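In the working numbering, the protein residues as written are 34 to 186.
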Amino acid sequence: MASSDLGITPPPEADLIRVARMARGLSPEAAALLTPIRLGGARWRHIERGYEPKRPPKSVRAPDTTLAHMAHVVGVSPERLTEVGREGAAVVLREILRQHAESDDQVREQPYADMSDRLERTAWEMPLDVEQRKLIIDMLRTAKAQGREERSA
Numbered sequence: 034m035a036s037s038d039l040g041i042t043p044p045p046e047a048d049l050i051r052v053a054r055m056a057r058g059l060s061p062e063a064a065a066l067l068t069p070i071r072l073g074g075a076r077w078r079h080i081e082r083g084y085e086p087k088r089p090p091k092s093v094r095a096p097d098t099t100l101a102h103m104a105h106v107v108g109v110s111p112e113r114l115t116e117v118g119r120e121g122a123a124v125v126l127r128e129i130l131r132q133h134a135e136s137d138d139q140v141r142e143q144p145y146a147d148m149s150d151r152l153e154r155t156a157w158e159m160p161l162d163v164e165q166r167k168l169i170i171d172m173l174r175t176a177k178a179q180g181r182e183e184r185s186a
């Protein structure tokens, strides 16, 4: 039964999330699995519909944190959440995006070398520019691979 048949109109953010999810080709269950919070496919559907199918139907509006995580999964921006009147969720989503950006920066800052490998660690610590160190490490890896191939032949 459609929410309009019940006299319940889904909030604007519900339609925004639903359309974005469909554009990503995700089912509510698949989208829910991608969130780091505890959220099931049925709850995702309730939020998108704007109601929980009980007798009588219960109106549903996602908390800011839940909505922010849902928006992140389906690629909705904080600005779009603000446009539909969910500034609190937009604030949480901005923080989620900031934390992800910091995490990505930390991954990029990790050394190119396998620091547990004595030769790669030595090459990485040489007083050369990064591209020269990467070239040396690539040469070491190629030599190691060739050695393994010769031993297995």
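Glycine is no exception: its CB is placed at the ideal position from the N, C-alpha and C atoms. Computed from a prediction, not measured in an experiment: that's the story for all the values here.
Alpha carbon of residue i to alpha carbon of residue j, nearest angstrom
i: Ser185; j: Ala176; result: 14 Å
i: His133; j: Arg127; result: 10 Å
i: Asp78; j: Ile129; result: It should be noted that the sequence gives Arg, not Asp, for residue 78. Distance between the alpha carbons of Arg78 and Ile129 is about 23 Å.
i: Arg181; j: Arg57; result: 43 Å
i: Val163; j: Glu135; result: 22 Å
i: Leu168; j: Glu183; result: 23 Å
Residue j beta carbon less than 8 Å from that of residue i
i: Pro63; j: Gly73; result: It is worth fixing the name first, because residue 63 is Ala in this sequence and not Pro. No, Cβ-Cβ distance for Ala63 and Gly73 is not below 8 Å.
i: Arg119; j: Leu100; result: yes
i: Met103; j: Thr155; result: no
Close Cβ partners of residue i (< 6 Å) along its chain, the five nearest in sequence each way excluded
i: Arg54; result: Ala64, Val107
i: Trp157; result: Pro144, Ala146, Arg166
i: Val117; result: Pro45, Glu46, Leu49
i: Pro61; result: Gly74, Trp77, Arg78
Assigned exposure category for residue i - 16 Cβ within 10 Å defines buried
i: Pro89; result: exposed
i: Ala95; result: buried
i: Arg82; result: buried
i: Pro43; result: buried
Neighbourhood of residue i by C-beta, 7 Å cutoff - its chain only, sequence neighbours within 5 removed
i: Val109; result: Leu49, Ile50, Ala53
i: Glu153; result: Ala146, Asp147, Ile170, Leu173
i: Gly125; result: Looking at the sequence itself, residue 125 is Val, so the reference to Gly does not match. Contacts found: Asp97, Thr98, Ala101.
Same chain, Cβ closer than 8 Å to residue i, five either side skipped, listed in chain order
i: Ala123; result: Ala101, Pro111, Glu112, Leu114, Thr115
Segments of 4+ residues assigned as alpha helix (DSSP H) that fall wholly inside the segment 45–78: Segments of the alpha helix (DSSP H) lying fully in the segment 45–78: 45–56, 61–66.
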